[in-house]
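The structure under discussion appears below in the form of structure tokens.
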Amino acid sequence: MTLHPRLLRRFAGSLLAGWLFLAGSASAQSVSTQRDVLREITDVVGLKPRFELLATSQVQNAAAVVYSGKRYLLYNPKFVSAVNRAGRTDWAGISILAHEMGHHLNGHTLRPGGSNPADELEADEFSGFVLRKMGASLSQAQAGMAVVSDEEASPTHPGRTTRLQAINEGWQRASQQIVASSRNTAPSAAPAVVYNRPAPAPVVATTNRVSQASNMIGRITFRSNPDELYYLTSHLNIVRLDQQDRTAQVVGRLTRSDSAAFPYVLVDAQQRRLFVSAAGGVFDKNGQQVAMLSDPS
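Throughout the sequence shown, residue numbering follows mature numbering (1 follows the signal peptide of the UniProt record, and there is no 0), covering -28 to -1, 1 to 269 in sequence.
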């Protein structure tokens, strides 16, 4: 079983206790508060709460851990209460939990090793982003880190000024998204209409007199045989003209596709496909241009 700890502050002395807790300590209990903070945090980033939030005295402050493939957010209730008192806002404790969740969502807990400054700053920025989405002011979002972080940097954690700046960047990014969203009219909430598209009818080669092959709307010139006359009719049939016999043979059909780059597909009688670009280029399946669709004149 693998355990990857990521801690908000250094608490190496409680690491072993955390292992014992996860292995089956009965002292831990699920958090039950008026606010479902875990769900609030995941809601603003569009995720399902696939974490378990547990209160325990076996950690000194807070930790994001993975145990037996499951993600946990551990916190010491006394520590969170002390942070809230010192920061003079309940947002301080919420920012601690958001920071730890940031370690999970950024994949930090999937890598071996302890804390490092880069990971800590990513989790700080995430907490600032989340708290702005939840309605916290910038000072409220920074209150927790302003209390618990060390002024000077260490090998595992950045200094306080750098961490507060990371929270500010996340908070500002979320604020810009909120402002931009408020300036625009909300898009329609109507769901997409699903159409049952009939399968295209197979192309059957037929021969008609030229007089019956009316409404030619395009000409297809093949590079391999530029003198052969191929035309696109208003019914999206591809016809080959024989000027000597004055006949027109249907040899293929043009159908629409879902591709923006190649909005049409040319299908011949053997069900072979060529792809027609918006500019009229005709390409084979290897991306080589083999023909050009142009004005019939």
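Cβ coordinates follow ideal geometry from the N, Cα and C atoms, glycine included.
query	result
Relative to the C-alpha of residue 254, which candidate in 164, 214 and 204 has its C-alpha closest?	204
Compute the Euclidean distance between the alpha carbons of residue 102 and residue 226, then round it to the nearest angstrom.	51 Å
Considering residue 113, what are the terminal residues of the alpha helix (DSSP H) in which it resides?	110 to 120
Determine, using beta carbons only, whether residue 138 comes closer than 9 Å to chain C.	Reference to chain C is not applicable here, since this structure consists of a single protein chain.
What does the alpha-carbon distance come out to for the pair residue 21 and residue 70?	12 Å
Where are the beta strand (DSSP E) runs, 3 residues long or more, that stay fully inside the region 26 to 111, in chain order?	34 to 39 and 42 to 47
Taking the CB atoms as reference points, tell me whether residue 256 and residue 246 lie closer together than 9 Å.	yes
Just confirm the distance between the C-beta atoms of residue 82 and residue 130, as a whole number of angstroms; I'd bet it's less than 8 Å.	Not quite, the Cβ-Cβ distance comes to about 21 Å (not below 8 Å), so this is no contact.
Assign residue 166 to one of three DSSP states: helix, strand, or coil.	coil
Verify whether the separation of the beta carbon atoms of residue 10 and residue 30 is less than 9 Å.	no
Going by beta carbon distance, what residues of the same chain come within less than 6 Å of residue 100, once the five residues before and after it are set aside?	113, 139, 142 and 143
Provide the residue span of the beta strand (DSSP E) that contains residue 212, from first to last.	209 to 214
Could you check which residue in 213, 222, 209 and 63 has the C-alpha nearest to that of residue 237?	209
Mapping DSSP to helix, strand and coil, what is residue 240?	strand
So what's residue 10 in DSSP terms, helix, strand or just coil?	helix
Mind reading off the beta-carbon distance from residue 89 to residue 125? Whole number of angstroms is fine, and I expect it under 8 Å.	7 Å
Keeping to the same chain, check which residues put their C-beta closer than 7 Å to that of residue 65; ignore five residues upstream and five downstream.	52, 55, 56 and 116
For residue 261, report the span of its beta strand (DSSP E) as first-last.	261 to 266
Tell me whether residue 228 sits in a helix, a strand or coil according to DSSP, three-state version.	strand
Do you know how far the Cα of residue 12 is from the Cα of residue 224?	58 Å
Specify, as a first and last residue, the run of the alpha helix (DSSP H) that residue 133 falls within.	132 to 155
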